[in-house]
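**Student:** Before I ask anything, let me first share the structure, which is written out below as structure tokens.
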Amino acid sequence: MIRTIVKHPDPILHRTSEPVGAVTADTRALLDDMLDTMYAAQGRGLAGVQVAVLQRVVVIDIAWKDGAPEPLCFVDPEIVWVSDEKAVGEERCLSIPDTPTAVLRSTAVRVRYRDREGARQEREFEGLMAMVMQHEVDHLDGVLILDKAA
């Protein structure tokens, strides 16, 4: 189901999302809705708060615009390491349409999370995926690209 994307300056976007804990059928349904919503909006990532759900959930697919979809679901993601190397990149946000913003980010991150089935995972990402992950985790902490403009 496609959900409505919350737009800036709605104050919910600056609220901190709560941990999910156990992954349930409701959690998986939310993740599926978020993927549907992200694809319909032509995005590469979406956080729960962007669909007015204050839970620490994120969906990302950086590949689908260039080929087959490769959706990734993150429940209670925690960035546990960031590279010292940083780069400024132009970011866009589904909650702040038509406002590309230059943001300084680490070029690589390690993330600990639960997957769609509830299994604990830890993975490293670099490049675009690292940037999108940092962007979405910022959303979970109530931080927008406008708050981090380089």
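My numbering puts the first residue of the sequence shown at 1460, with every later residue one more than the last. The C-beta atom is built at its ideal place from N, Cα and C for all residues, glycine as well.
(1) What three-state label does DSSP hand V1573 in the structure shown?
(2) When DSSP labels each residue in this structure, what does T1486 get in the three-state scheme?
(3) Helix, strand or coil: which one does DSSP assign to V1512?
(4) Given that a residue counts as buried once 16 or more other Cβ atoms are within 10 Å of its Cβ, and exposed if not, what is P1536?
(5) Cβ of M1497 within 8 Å of Cβ of V1516?
(6) Could you check what DSSP says for A1546 in three-state terms: helix, strand or coil?
(7) Closer than 6 Å by C-beta to G1548: which residues in its own chain qualify, once you throw out the five before and the five after it? Chain order, please.
(8) Which residues mark the beginning and the end of the beta strand (DSSP E) in which A1527 is found?
(9) From the DSSP output, read off the bridge partner residues of A1623.
(10) For the beta strand (DSSP E) containing A1561, name the first residue and the last one.
(11) For G1507, which three-state DSSP category applies?
(12) Could you check which residue in E1550, G1601, D1597 and H1473 has the C-alpha nearest to that of I1538?
(13) Could you tell me if D1461 is buried or exposed, where buried requires 16 or more neighbouring beta carbons within 10 angstroms of its beta carbon?
**Tutor:** From the atom records:
(1) A small correction: the amino acid at residue 1573 is Arg; Val does not occupy that position in the sequence shown. DSSP places R1573 in strand when its eight states are reduced to three.
(2) helix
(3) coil
(4) By the neighbour-count rule (16 or more Cβ atoms within 10 Å), P1536 is buried.
(5) No, Cβ-Cβ distance for M1497 and V1516 is not below 8 Å.
(6) strand
(7) M1590
(8) Neither: A1527 is in no beta strand (DSSP E) and is coded neither H nor E.
(9) This structure cannot settle anything about residue 1623, because the visible part of the chain is limited to 1460 through 1609.
(10) I1555 to S1565
(11) helix
(12) Nearest C-alpha to I1538: D1597.
(13) According to the sequence provided, residue 1461 is Ile. The question's Asp does not apply to it. That one is exposed.
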